[in-house]
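Student:
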Amino acid sequence: MKQIYELHADVCKIFSNAKRLEILSMLKDRELSAGELSEQIGVNKANLSQHMSVLRSKGVVLSRREGVNIYYRVSNPKIIQACNLMREVLMEQLQEKGKLVSSFKRIK
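So the sequence shown is numbered by the numbering used here: it starts at 33 and just counts up by one.
1) Would you check if there are 3 or more beta carbon pairs closer than 8 Å linking the segment 83-102 to the segment 55-73?
2) Enumerated in chain order, which unbroken segments of the alpha helix (DSSP H) with a length of 4 residues or greater are wholly contained in the segment 38-116?
3) Roughly how far, in whole angstroms, is the beta-carbon of Ile73 from the beta-carbon of Glu54, given that I think they are within contact range, below 8 Å?
4) For Cys115, tell me which candidate among Tyr37, Glu71, Ile46 and Ser70 has the shortest Cα-Cα distance.
5) Is the beta carbon of Val121 sitting closer than 8 Å to the one on Leu56?
6) Output needed for Leu80: all residues of its chain with C-beta closer than 7 Å, excluding positions within five of it in sequence on either side, in chain order.
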């Protein structure tokens, strides 16, 4: 069981980068080429390549080459579900903090 916790922690490390989360969001519904991803998230191809290398090495995304283009897709839809669930938790926390701030302002 200890091994699964180590694997879990290792995979979670790759999600600690905002650009990688943005990449996954772009890939949630479709496959995109490296050029499309680079353009849509606003990074150069070298920087994108570094991020994709990390994502590929942990099995989060899969790639295929077609001519000169490389296409990426999420390897398992549950990855997107996990990211969405975490985003929902964070949104709820932000909303709750907003309620607390509003309540505090009314008291003053």
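Note that the Cβ used here is the ideal one computed from N, Cα and C, for glycine as well. All values derive from a computational prediction rather than experimental measurement.
Tutor: Considering the structure as presented:
1) By the Cβ rule, the segment 83-102 counts as touching the segment 55-73, because three or more pairs are nearer than 8 Å.
2) Taken in chain order, the unbroken stretches of alpha helix (DSSP H) that lie wholly in the segment 38-116 and span 4 residues or more are 50-58, 66-73 and 77-89.
3) Position 41 of the sequence shown, counted from the first residue, corresponds to residue 73. Position 22 of the sequence shown, counted from the first residue, corresponds to residue 54. The pair is a contact, with the Cβ atoms about 5 Å apart (cut-off 8 Å).
4) Here residue 115 corresponds to residue number 83 of the sequence shown, with the count starting at 1. The shortest Cα separation from Cys115 among Tyr37, Glu71, Ile46 and Ser70 belongs to Ile46.
5) Along the sequence shown, read from residue 1 onward, the residue named residue 121 stands at position 89. Along the sequence shown, read from residue 1 onward, the residue named residue 56 stands at position 24. No. Outside cutoff.
6) Reading the sequence shown from its first residue, position 48 is the one you call residue 80. These residues qualify, in order along the chain: Ala66, Leu69 and Ser70.
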